[in-house]
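Undergrad:
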Amino acid sequence: MTTQNFKYQLLNEAGQPTTFLSKKGSFDGKQLDLAGEQYRAADILHTMQAKKAFIFVVPSAEGQPKAISILMHTGNVKQLRSDIDRIRSAVQVGKEEEAWQAGGRVGVFRKEQCPCCTATLNLSRFEPPPQLFCDYCDTVFTVPIQPETPKNEVEYKLCEHCGMYSHPRHFTEFYFYFLFVVYGYWTNESTRCPACMRGTAWKMLAVNFLFIIGIIPAIYQLIRAYASDKIAGPFSGLHAANLKATKRNYSAATKIYRSILERVPFAAGVHYNLGLALVQNKEWERASAAFELSLDDCSNYRYAAGGLMHCYEALGRTDDLKAMQSQWSSPEAENEIPIDATSAQA
Ligand SMILES: [Zn+2]
Ligand SMILES: [Zn+2]
348 MTTQNFKYQL LNEAGQPTTF LSKKGSFDGK QLDLAGEQYR AADILHTMQA
398 KKAFIFVVPS AEGQPKAISI LMHTGNVKQL RSDIDRIRSA VQVGKEEEAW
448 QAGGRVGVFR KEQCPCCTAT LNLSRFEPPP QLFCDYCDTV FTVPIQPETP
498 KNEVEYKLCE HCGMYSHPRH FTEFYFYFLF VVYGYWTNES TRCPACMRGT
548 AWKMLAVNFL FIIGIIPAIY QLIRAYASDK IAGPFSGLHA ANLKATKRNY
598 SAATKIYRSI LERVPFAAGV HYNLGLALVQ NKEWERASAA FELSLDDCSN
648 YRYAAGGLMH CYEALGRTDD LKAMQSQWSS PEAENEIPID ATSAQA
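Here the sequence shown stands for residues 348 to 693, where the numbers follow our numbering.
(1) Which residue comes first and which comes last in the alpha helix (DSSP H) that contains T593?
(2) Which residues end up in the neighbourhood of ligand 1 when you take C-beta atoms closer than 6 angstroms to any of its heavy atoms?
(3) Any heavy atom of ligand 2 closer than 7 angstroms to the CB of C509?
(4) Who pairs with H517 in a beta bridge, going by DSSP?
(5) Measure the alpha-carbon distance for K370 versus L381 and round it to whole angstroms.
(6) Closer than 6 angstroms by C-beta to T496: which residues in its own chain qualify, once you throw out the five before and the five after it? Chain order, please.
(7) Provide the residue span of the beta strand (DSSP E) that contains F638, from first to last.
(8) Here's the rule: buried if 16 or more other CB atoms are within 10 angstroms of the residue's CB, otherwise exposed. What is R649?
(9) Would you mind reading off the limits of the alpha helix (DSSP H) that contains M656?
(10) Below 6 angstroms CB to CB, which residues in the same chain sit around A634 once its five sequence neighbours on both sides are set aside?
(11) Out of T394, M419, S416, which has the shortest C-alpha to C-alpha gap to T431?
(12) With distances taken between CB atoms, is the gap from P515 to C540 smaller than 8 angstroms?
(13) Going by DSSP, what residue range makes up the alpha helix (DSSP H) through A620?
(14) Look up V487 in the DSSP assignment and say whether it is helix, strand or coil.
(15) Between the C-alpha atoms of Y573 and I607, what's the straight-line distance to the nearest angstrom?
(16) From what residue to what residue does the beta strand (DSSP E) around S673 run?
(17) Go ahead and pull the three-state DSSP assignment for K714.
(18) Alpha carbon to alpha carbon, how far is R605 from R452?
(19) Under 8 angstroms by Cβ, that's how I've got N620 and A587 pegged, so tell me the actual separation to the nearest angstrom.
(20) Quick one: what does DSSP say Y503 is sitting in, helix, strand or coil?
(21) DSSP on P364, reduced to helix/strand/coil?
(22) Which ranges would you report for the beta strand (DSSP E) in the segment 414 to 473 if only whole runs of at least 3 residues count?
(23) Could you check the C-alpha separation between P477 and K498 for me, to the nearest Å?
(24) Cβ-heavy atom distance between A542 and ligand 2 below 7 angstroms?
(25) Assuming W631 and A652 are in contact, meaning their beta carbons sit under 8 angstroms apart, how far apart are those beta carbons, in whole angstroms?
(26) C463 and V501 look like a contact to me (Cβ under 8 angstroms); what is the Cβ gap, rounded to whole Å?
(27) By the 10 Å Cβ neighbour count, where 16 or more other Cβ atoms means buried, how is L590 classified, buried or exposed?
(28) Is R516 near ligand 3 - that is, is its Cβ less than 7 angstroms away from at least one heavy atom of it?
(29) Can you grab the Cα-Cα spacing for the pair I578 / K629, in whole Å?
(30) DSSP on A382, reduced to helix/strand/coil?
(31) In three-state DSSP terms, what is T349?
(32) Buried or exposed: which applies to I492, given that a residue is buried once 16 or more other Cβ atoms fall within 10 Å of its Cβ?
(33) Within 10 Å of its beta-carbon, does G410 have 16 or more other beta-carbons around it, so buried, or fewer, so exposed?
(34) Starting from the C-beta of N647, find all residues in its chain whose C-beta is less than 7 angstroms away, skip the five residues before and the five after it, and write them out in chain order.
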């Protein structure tokens, strides 16, 4: 791996730069160097990215993990995060595998590499595929790929804006203003699904109509918001269904989700959206069935597990809730792995 060099400013808890000038940083494939302060990738507990900001969590001498935030002015934030995640996940899963062997546990230690970001995933606690979820890049993927699997399946994720499984895209809001002698423009960049983009794209067009210059970007974003649904292939109709669900037209949304599920045999994300729509309509029993189907397709899909626990709580299914909490939150949960889940891999 070639060393990545970048310029950055350290951010404080309020997200403001702590220094006026930017400093030099680098990552050589093992260590992150921030102006002489070094952090081993293997020791990093968690990473996050928000536009050009990179946040990572490391253990501290005081015992409490410490979050460090930097704003990168040069270099590729996404690549840096992905490289660090690949190293730290491999080290972490290696330790878990050693502990598994040392503990003399029954069953096979099962690990996979994410085809999208190449992070190493420990799947020993979960039923084997058809689908897997990567916590590092937030992607659900089908293994092995089926004839009906959408070719761009790894591009589908939960939208940051509406929280639904969709095909989020980069979206720039652009407003040009001209007020007598003062003129300028205002932009905002976000990643959201086309269904979420639609309302904002119309607002852009309405505001920019007054000042002409902003009309071209407004029309461009409006076209993207509507046209992008057509390229969704087997997932065609997903954004329309999501939009219906957010507008509380649950029966129409459910009908479209069901038609997609007839075309795509393994689609944990679509079952998840169906569950989410039913939860919003307080149909707990049907929602729990949808989340269970989502977990049947992708047993480590964290979001569906969260939705199902929420349903179990609402339905008063305390024993089911406790069993799920134990599987998902206890570090010793590997001991409770059902024998059939492990023997299926043997
Ligand atoms: Zn991944
Ligand atoms: Zn959205």
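Backbone N, C-alpha and C fix where the C-beta goes; we use that ideal spot for every residue, glycine too. Quick caveat: nothing in here was measured; it's all calculated off a predicted structure.
TA: Let me lay it out:
(1) The count along the sequence shown starts at 1 and reaches residue 593 at position 246. Counting along the chain, the unbroken alpha helix (DSSP H) around T593 starts and ends at 585 to 593.
(2) For ligand 1, the residues with a Cβ under 6 angstroms from any of its heavy atoms are, in chain order, C461, C463, C464, A466, C481, Y483, C484, T486.
(3) Residue 509 sits at position 162 when you count from the first residue of the sequence shown. At least one heavy atom of ligand 2 is nearer than 7 angstroms to the Cβ of C509, so yes.
(4) On the sequence shown, residue 517 is found 170 positions in, with the first residue counted as 1. DSSP output for H517 lists T538 as bridge partner(s).
(5) Your numbering for residue 370 matches position 23 in the sequence shown. Your numbering for residue 381 matches position 34 in the sequence shown. In this structure, the straight-line span from the alpha carbon of K370 to that of L381 is close to 8 angstroms.
(6) Indexing the sequence shown from 1 puts residue 496 at position 149. Correct list, in chain order: T489.
(7) Here residue 638 is taken as the residue at index 291 of the sequence shown, counted from 1. No beta strand (DSSP E) contains F638, which is instead part of the alpha helix (DSSP H) from 631 to 644.
(8) Here residue 649 refers to the residue found at position 302 of the sequence shown. Classification for R649: exposed.
(9) As a first step, residue 656 is located in the sequence shown; it is residue number 309 there, counting from the start. Residue range 649 to 662 is occupied by the alpha helix (DSSP H) that includes M656.
(10) Within the sequence shown, residue 634 is the residue found at index 287, counting from 1. Closer than 6 angstroms at Cβ, skipping near neighbours: G622, L625, V626, C658.
(11) The residue given as residue 431 occupies position 84 in the sequence shown. Correcting the residue identity first, residue 431 is Ile in this sequence and not Thr. Distance from the Cα of I431 is smallest, within the candidate group T394, M419, S416, for T394.
(12) Here residue 515 is taken as the residue at index 168 of the sequence shown, counted from 1. Here residue 540 is taken as the residue at index 193 of the sequence shown, counted from 1. Yes, these two residues count as a Cβ contact at 8 angstroms.
(13) Walking along the sequence shown from the start, residue 620 turns up at place 273. Just to set this straight, residue 620 is Asn in the shown sequence, not Ala. That run of the alpha helix (DSSP H) goes 615 to 627.
(14) For this step, residue 487 is matched to residue 140 along the sequence shown. DSSP, read as helix, strand or coil, puts V487 in strand.
(15) Numbered from its first residue, the sequence shown carries residue 573 at position 226. Numbered from its first residue, the sequence shown carries residue 607 at position 260. One C-alpha to the other measures close to 19 angstroms.
(16) As a working note, residue 673 is residue 326 in the sequence shown. From DSSP, S673 is part of no beta strand (DSSP E) but of the alpha helix (DSSP H) over 665 to 676.
(17) No answer is possible for residue 714: the residues shown for the chain start at 348 and end at 693.
(18) What you label residue 605 is simply residue 258 of the sequence shown in a count that begins at 1. What you label residue 452 is simply residue 105 of the sequence shown in a count that begins at 1. So the two alpha carbons sit approximately 40 angstroms from each other.
(19) Taking the sequence shown and counting its residues from 1, one reaches residue 620 at position 273. Taking the sequence shown and counting its residues from 1, one reaches residue 587 at position 240. Approximately 12 angstroms separates the beta-carbon atoms of N620 and A587; this is outside 8 angstroms, ruling out the contact.
(20) Position 156 of the sequence shown, counted from the first residue, corresponds to residue 503. In the structure shown, Y503 adopts coil according to DSSP, grouped into three states.
(21) The sequence position of residue 364 within the sequence shown is 17, counting from 1. Three-state result, P364: strand.
(22) Counting whole runs of 3 or more residues, the segment 414 to 473 contains the beta strand (DSSP E) stretches 458 to 460, 467 to 469.
(23) Stepping through the sequence shown from its first residue, residue 477 is reached at position 130. Stepping through the sequence shown from its first residue, residue 498 is reached at position 151. Cα to Cα, the separation comes out at about 16 angstroms.
(24) For this step, residue 542 is matched to residue 195 along the sequence shown. The answer is yes for A542.
(25) Against the sequence shown, residue 631 aligns to sequence position 284. Against the sequence shown, residue 652 aligns to sequence position 305. By a beta-carbon distance limit of 8 angstroms, W631 does not contact A652. Their separation comes to about 16 angstroms.
(26) Translated into positions along the sequence shown, residue 463 becomes position 116. Translated into positions along the sequence shown, residue 501 becomes position 154. Rounded to whole angstroms, the Cβ separation of C463 and V501 is 5 angstroms, and the two are in contact under 8 angstroms.
(27) By one-based count along the sequence shown, residue 590 stands at place 243. Sixteen is the threshold: when 16 or more other Cβ atoms of the shown chains lie within 10 Å of the Cβ of L590, as they do, the residue is buried.
(28) Inclusion of ligand 3 in the displayed structure is not the case, the ligand content consisting of ligand 1 and ligand 2 alone.
(29) Stepping through the sequence shown from its first residue, residue 578 is reached at position 231. Stepping through the sequence shown from its first residue, residue 629 is reached at position 282. In this prediction, I578 scores a pLDDT of 49, lower than 50, which makes its location untrustworthy; the coordinate-derived value is nonetheless stated afterwards. Each residue's alpha carbon lies about 32 angstroms from the other.
(30) Here residue 382 refers to the residue found at position 35 when the sequence shown is read from its first residue. Residue state, collapsed to three classes: coil.
(31) Locating residue 349 in the sequence shown gives position 2, counting from the first residue. In the structure shown, T349 sits in coil (DSSP, three-state: anything other than H, G, I, E or B).
(32) On the sequence shown, residue 492 is found 145 positions in, with the first residue counted as 1. Exposed, by the Cβ-count rule.
(33) As a working mapping, residue 410 is identified with position 63 in the sequence shown. G410 comes out exposed.
(34) Translated into the one-based positions of the sequence shown, residue 647 becomes position 300. Spatial neighbours of N647 in its own chain (CB-CB distance under 7 angstroms, excluding positions within 5 residues in sequence) are listed in chain order as L470, F473, L479, F480.
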